[in-house]
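Under the numbering used here, the letters of the sequence shown match residues 2 to 75, in that order. These notes are about the structure you will find just below.
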Amino acid sequence: MATYMWRKYADYVYTKWEKTILWDMVEPFRRPKSFTPLVTIYVCAFYTGVIGAAITEQLYKFWKLRAPTTVGVA
Numbered sequence: 002m003a004t005y006m007w008r009k010y011a012d013y014v015y016t017k018w019e020k021t022i023l024w025d026m027v028e029p030f031r032r033p034k035s036f037t038p039l040v041t042i043y044v045c046a047f048y049t050g051v052i053g054a055a056i057t058e059q060l061y062k063f064w065k066l067r068a069p070t071t072v073g074v075a
């Protein structure tokens, strides 16, 4: 009886380890349970780009109007 119990326990531990290895390999490729974090990241990235483009355009206009006509070469 004890041998049977040890064998069952060993089978349980081995299959548990095997499942853990399998799911550790598959886990990064599973889709998220909710798309809210992904959508939030995409929206933040989009608006970061929009704000960056607006700042770049304003800096371009600012320096185009105030560019020195002559640049002294030292």
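Positions of the beta carbon are idealized from the N, C-alpha and C atoms, including for glycine.
So, for residue i: in the same chain, excluding its five sequence neighbours on each side, which residues have a beta-carbon less than 7 Å away from its beta-carbon?
{"i": "Trp37", "result": "Residue identity check: residue 37 is Thr in the sequence provided, not Trp. The answer is none, since no qualifying residue turns up."}
To the nearest angstrom, report how far apart residue i and residue j are at their CA atoms.
{"i": "Thr57", "j": "Phe47", "result": "15 Å"}
{"i": "Met6", "j": "Thr41", "result": "51 Å"}
{"i": "Val44", "j": "Ile52", "result": "12 Å"}
{"i": "Ala11", "j": "Gly50", "result": "55 Å"}
{"i": "Tyr15", "j": "Met2", "result": "20 Å"}
{"i": "Gln59", "j": "Ala68", "result": "14 Å"}
{"i": "Phe63", "j": "Ala54", "result": "14 Å"}
Taking Cβ positions only, does residue i come closer than 8 Å to chain C?
{"i": "Thr4", "result": "Included in the structure is just one protein chain, with no chain C present."}
Shorter than 7 Å, the distance from the beta carbon of residue i to the closest heavy atom of the ligand GDP, or not?
{"i": "Phe63", "result": "Looking at this structure, you won't find the ligand GDP or any other ligand, since it has none at all."}
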